[in-house]
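Asker: Input: one structure, supplied below.
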Ligand code: OAD
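Residue numbers (this note's numbering): 6 to 253.
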């Protein structure tokens with residue numbers, strides 16, 4: 006067994022409270038490009054023009070050009086080994102919650118039950134005028150989707166300039182400041198306030214395991230065990246090691 010994988014597995018087995026923090030990198034192998042890698046979404050769409058709440062209010066039709074592409078990609082995506090692995094860890098009683106920045110629903114589809122959606126979920130739509138909500142299925146194929154009041158609907162995801170859903174923020178903060186092990190998968194950890202959570206956990210004495218294709222702003226100062234590689238490969242290796250050590 007690889008030495009670092011074994012260390013990570015032992016941290017999880019010894020921890021009384023383990024949580025996972027995930028970002029777009031965990032869904033790349035499901036066919037959804039991330040934001041900041043080469044060819045990522047922000048390479049093609051300037052977030053200032055397409056991802057702020059002010060941009061949406063000013064020209065929702067334009068923003069829906071990006072949202073349409075995202076929605077079509079997410080629609081055909083299925084959970085990969087890393088989503089399934091986190092779901093399995095939860096069923097084994099070794100992972101309390103997944104806190105994700107992703108809005109693609111793949112953790113839930115991969116078997117995780119306790120998922121905190123820090124940036125909302127693209128599967129519901131809201132009218133900024135009258136407050137009416139819709140399941141995305143009701144408006145499927147309608148671009149841009151409109152409310153009965155005729156206003157263009159916004160997906161229930163957090164745009165830059167909007168607040169984080171209060172319950173997600175409160176629960177995440179409480180979990181980060183009490184966990185003993187933190188598994189971070191596929192995030193560049195540059196977006197605030199999500200990127201405060203690893204620091205909060207570190208300060209509280211948690212061990213930090215990071216899985217990423219490349220080093221991030223966390224790797225040198227926050228991370229204890231850095232597992233460099235594809236999320237699916239590394240998560241699967243950690244889950245197998247946990248099972249092996251538990252049976253030994
Ligand atoms: P980023 O695109 O910033 O970071 C994705 C990370 O995943 C990078 O560090 C990649 O190296 C890594 N990565 C890519 N493919 C991977 C793979 N197969 N296995 C492991 N790692 C991989 O995405 P996030 O950190 O999620 O917010 O971005 C955070 C937020 O920025 C998003 O939620 C979104 C965006 O703007 C809003 O729109 C509010």
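Built from N, CA and C at the ideal position, the CB exists for glycine as well.
Here's a check: name, in chain order, each residue in its chain whose Cβ is nearer than 7 Å to the Cβ of residue 227, leaving out the five neighbours to either side.
Answerer: Result list for residue 227: 203, 204, 207 and 213, in chain order.
Asker: For my contact list, residue 140 and residue 128 are in at a C-beta cut-off of 8 Å; report their separation, rounded to the angstrom.
Answerer: Sure, about 7 Å apart at Cβ, within 8 Å.
Asker: Quick check on this structure: which residue in 26, 184, 12 and 19 has the alpha carbon closest to the alpha carbon of residue 236?
Answerer: Of the candidates 26, 184, 12 and 19, the one whose C-alpha sits nearest the C-alpha of residue 236 is 26.
Asker: Excluding sequence positions up to five away, which residues of its chain have a Cβ less than 8 Å from the Cβ of residue 112?
Answerer: Counting only Cβ-Cβ distances below 8 Å, and skipping sequence neighbours, we find 27, 84, 88, 91, 92, 103, 105 and 120.
Asker: In this structure, what does DSSP give as the bridge partners for residue 110?
Answerer: Looking at the DSSP assignment, residue 110 forms no beta bridge with any residue, so it has no partner.
Asker: Do residue 9 and residue 185 have their beta-carbon atoms positioned less than 8 Å apart in this structure?
Answerer: For residue 185 and residue 9, no; Cβs fall outside 8 Å.
Asker: Does any heavy atom of the ligand OAD sit closer than 7 Å to the C-beta of residue 231?
Answerer: For the ligand OAD, not one heavy atom lies less than 7 Å from the Cβ of residue 231.
Asker: Expressed to the nearest angstrom, what Euclidean distance is found between the alpha-carbon atoms of residue 155 and residue 133?
Answerer: Taking the straight line from one Cα to the other gives about 11 Å.
Asker: Going by DSSP, name the residue or residues bridged to residue 140.
Answerer: Note: residue 140 sits in a beta bridge opposite 129.
Asker: Taking residue 78 as part of the alpha helix (DSSP H), name the residues at either end of that continuous run.
Answerer: Looking at the DSSP string, the run of the alpha helix (DSSP H) that includes residue 78 is 65-80.
Asker: State the Cα-Cα distance for the pair residue 220 and residue 16, rounded to the nearest angstrom.
Answerer: Between residue 220 and residue 16, the C-alpha separation is close to 21 Å.
Asker: Suppose you measure from the CA of residue 171 to the CA of residue 123; what does that come to, to the nearest Å?
Answerer: Cα to Cα, residue 171 sits roughly 9 Å from residue 123.
Asker: Rounded to whole angstroms, how far is the Cβ of residue 14 from the Cβ of residue 194, which I believe are closer than 8 Å?
Answerer: That pair is no contact at about 23 Å.
Asker: Any idea what DSSP makes of residue 25, helix, strand or coil?
Answerer: Correct three-state label for residue 25: strand.
Asker: Mapping DSSP to helix, strand and coil, what is residue 175?
Answerer: In this structure, residue 175 counts as helix in the three-state DSSP scheme.
Asker: Would you report the Cα separation of residue 175 and residue 58, rounded to the nearest angstrom?
Answerer: C-alpha separation (whole angstroms): 22 Å.
Asker: Any chance the CB of residue 124 is under 7 Å from a heavy atom of the ligand OAD?
Answerer: Yes - the ligand OAD has a heavy atom lying nearer than 7 Å to the Cβ of residue 124.
Asker: Could you tell me which residues DSSP puts in a beta bridge with residue 54?
Answerer: Paired residue(s): none; residue 54 is not in a bridge.
Asker: Return the residue from the list 252, 243, 62 and 146 that minimises the CA-CA distance to residue 11.
Answerer: The candidate whose alpha carbon is nearest that of residue 11 is 243.
Asker: Look up residue 253 in the DSSP assignment and say whether it is helix, strand or coil.
Answerer: Coil, per DSSP.
Asker: Look at residue 209 and residue 182 and say whether their C-beta atoms are less than 8 Å apart.
Answerer: Yes, the Cβ-Cβ distance between residue 209 and residue 182 is below 8 Å.
Asker: Go through its chain and collect everything with a Cβ distance to residue 35's Cβ below 7 Å, but skip five positions before and after it.
Answerer: Excluding sequence neighbours, residue 35 sits near 82, 83, 84, 85 and 111.
Asker: Rounding to the nearest angstrom, what Cα-Cα distance links residue 114 and residue 54 in this structure?
Answerer: Distance between the alpha carbons of residue 114 and residue 54 is about 31 Å.
Asker: Give the straight-line distance between the Cα atoms of residue 238 and residue 116, rounded to the nearest whole angstrom.
Answerer: Taking the straight line joining both Cα atoms gives about 18 Å.
Asker: Could you round the C-beta distance between residue 56 and residue 164 to whole angstroms and report it? I think they count as a contact, below 8 Å.
Answerer: At roughly 6 Å, the Cβ-Cβ gap stays under 8 Å, so residue 56 and residue 164 are in contact.
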